[in-house]
């Protein structure tokens, strides 16, 4: 059963999800336009092993969480937008919501201001039709994707801020 | 036949009425004329319902939607009790203006699962019965349904109607213009919104216009598209689909093809969204610069600085222009291209 789902998803990953992720990446970058302080945009399809691991998760009573994982798992495509400053998170969120329709929106707040962690938003958005390459049937594409907008507070993030000040996308 | 259950309810206008009750309802037999009509709608629902919608999250931004939960419960039990809750919800958002309606809740096992809701409005009519003595009995009735079987509202949901899945559907309103559909049927009853936002839909349409205009091989086609782009701006605030708009304009087949090809996918020509003129103008804009010597330079705003190279010239060497106001520096514009058209115009504007 696991092998069957793994094979089905692996084919979907290669022929449907990866091409859509590439188109969606370009679409998000285009919609963000010249918004300032965006460090990077990345869009990825969930890898087959991670999908299968999630598909077989169970609730606290031991029942399967997903009866139809191919339809129910909403983060088969995940996008992430990293910004430099806390106030940019909301600027980007508003911009994204101009162009995408959400069915979920959660604020991500670190336990404390002094903790290394993330401040941002988690959204589940309808996948726009134009993000589906023409050779892929619309019914084969996932209906939604997950998007996170984050400001990185880690040391790595601080280093990126310092180096990105000189990069063309930081303006 | 894939239809497994049909329930029907008379839905009374009950918006703003404190005590609401939806009683009764019936199971419709899976044969006969009513069934045949509904089966016809059910079979073509996917192509008939062209407006992509998604359920709204709750105010906390969670994936919780009361109407969706009702539909899921119905899909699971297919009982008249759960169907009645759907009818009660429709009644609670129905105004006197919308009037009485006949709601059908149709469930089936088409491929995965398909759930269709259709509302037919009440109409007025006469019943005439001939009597044996050549007399007639004429009666006026107010609750005639399906007098026009093509005037209805409908929505269809496909796929596993289960948690996490089933957040989108397709709707149609054959009674009124699309604007009212989004308010009463989509917004109030289904607690949903259009899948395509005003900015996304308008930008896509505008970019298609811009690319089609740029790529137009001959001048008449370019002019057709430019005129159409100007006319489209009049749709500000209206809920449209590009296909309906261009059909309404009587745009040439060549121009429609050019626009369709400029879209990333043909299907987006049919997607419905609220048109936003301000967004359209951001993407289909022409910059026109008037110079003190009488010259007028016009080009696509995005490419203006590439098409016309400009540099400030030294006031000592530049030709002086009579009557020139020195409010801006003397600027030299240069461009290189082939003449494809030139016209005399009676007026500059």
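Chains as they are written, first to last, in this note's numbering: chain A, 4 to 174; chain B, 104 to 452. Think of the CB as a built atom: it goes at the ideal place given N, C-alpha and C, for glycine as much as any other residue.
Count the other C-beta atoms from every protein chain shown that fall within 10 angstroms of the C-beta of residue i, then say buried if there are 16 or more, exposed otherwise.
| i | result |
| --- | --- |
| residue 19/A | buried |
| residue 416/B | exposed |
| residue 439/B | exposed |
| residue 150/A | buried |
| residue 379/B | buried |
| residue 175/B | buried |
| residue 243/B | exposed |
| residue 112/A | exposed |
| residue 7/A | exposed |
| residue 67/A | exposed |
| residue 133/B | exposed |
| residue 148/A | buried |
| residue 152/A | buried |
How would you write the range of the beta strand (DSSP E) that residue i sits in, first residue to last?
| i | result |
| --- | --- |
| residue 259/B | 256-261 |
| residue 304/B | Segment 301-318 is the alpha helix (DSSP H) holding residue 304/B; no beta strand (DSSP E) there. |
| residue 23/A | Where residue 23/A is concerned, there is no enclosing beta strand (DSSP E), although the alpha helix (DSSP H) it sits in stretches over 21-35. |
| residue 47/A | 41-48 |
| residue 113/B | 106-114 |
| residue 111/A | 105-111 |
| residue 297/B | 295-297 |
| residue 434/B | 434-437 |
| residue 83/A | 80-86 |
| residue 271/B | 271-276 |
Please report the residue range of the alpha helix (DSSP H) in which residue i lies.
| i | result |
| --- | --- |
| residue 90/A | 89-102 |
| residue 52/A | 51-58 |
| residue 351/B | 345-352 |
| residue 332/B | 322-335 |
| residue 130/A | Run containing residue 130/A: none; DSSP gives neither H nor E here. |
Kindly list, in the order they appear in chain B, the residues whose Cβ is closer than 8 Å to that of residue i.
| i | result |
| --- | --- |
| residue 75/A | 263, 265, 266, 267 and 268 |
| residue 107/A | 160, 164, 165 and 166 |
| residue 70/A | 263 and 265 |
| residue 39/A | Going along chain B, no residue has its Cβ under 8 Å from residue 39/A, so there is no contact; the nearest lies around 18 Å. |
Please list, in chain order, all residues of the same chain as residue i whose beta carbon is under 7 Å from its beta carbon, the five residues on each side excluded.
| i | result |
| --- | --- |
| residue 107/A | 126 and 127 |
| residue 89/A | 122 and 154 |
| residue 192/B | 170, 173 and 292 |
| residue 452/B | Reliability of the predicted coordinates at residue 452/B is poor, the pLDDT of 40 falling under 50, and no value is obtained from them. |
| residue 319/B | 325, 328 and 361 |
| residue 117/B | 123, 194, 195 and 197 |
Listing by chain order, which chain A residues have their CB less than 7 Å from the CB of residue i?
| i | result |
| --- | --- |
| residue 340/B | Chain A residues near residue 340/B: none, gap ~16 Å exceeds 7 Å. |
| residue 298/B | 104 and 129 |
| residue 187/B | Under the 7 Å cutoff, chain A gives no residues; its nearest Cβ is about 26 Å from residue 187/B. |
| residue 307/B | 133 |
| residue 302/B | 101 and 102 |
| residue 157/B | 104, 106 and 129 |
Counting only the same chain and skipping the five closest in sequence on each side, list residues whose C-beta sits under 6 Å from that of residue i.
| i | result |
| --- | --- |
| residue 69/A | 58 and 75 |
| residue 21/A | 48 |
| residue 34/A | 102 |
| residue 1/A | With chain A covering 4 to 174 only, the question about residue 1/A has no answer from this structure. |
Name, please, each residue of chain B whose Cβ falls closer than 7 Å to the Cβ of residue i.
| i | result |
| --- | --- |
| residue 132/A | 368, 370, 371 and 374 |
| residue 147/A | 270 |
| residue 99/A | Correct list: empty, because the minimum Cβ distance to chain B is about 10 Å. |
Please list, in chain order, all residues of the same chain as residue i whose beta carbon is under 8 Å from its beta carbon, the five residues on each side excluded.
| i | result |
| --- | --- |
| residue 402/B | 389, 390, 410 and 411 |
| residue 360/B | none |
| residue 160/B | 166, 167 and 168 |
Cβ closer than 9 Å: which chain A residues qualify as neighbours of residue i?
| i | result |
| --- | --- |
| residue 217/B | Going along chain A, no residue has its Cβ under 9 Å from residue 217/B, so there is no contact; the nearest lies around 13 Å. |
Strictly below 9 Å CB to CB, what residues from chain B border residue i?
| i | result |
| --- | --- |
| residue 144/A | Within 9 Å Cβ-Cβ: nothing; residue 144/A doesn't reach chain B, min ~11 Å. |
| residue 141/A | 368 and 370 |
**Request:** Quick one: which unbroken alpha helix (DSSP H) runs of 4-plus residues sit fully inside the region 357-415 of chain B? Chain order, please.
**Result:** Listed in chain order, the alpha helix (DSSP H) elements of length 4 or more contained wholly in the region 357-415 of chain B are 380-386 and 407-410.
**Message:** I'd like the ranges of any beta strand (DSSP E) spanning at least 3 consecutive residues and lying wholly in the region 117-160 of chain B.
**Reply:** Correct list: 154-158.
**Request:** Would you mind listing the alpha helix (DSSP H) stretches within the region 168-222 of chain B that are 4+ residues and don't spill past its ends, in chain order?
**Result:** Listed in chain order, the alpha helix (DSSP H) elements of length 4 or more contained wholly in the region 168-222 of chain B are 169-180 and 183-196.
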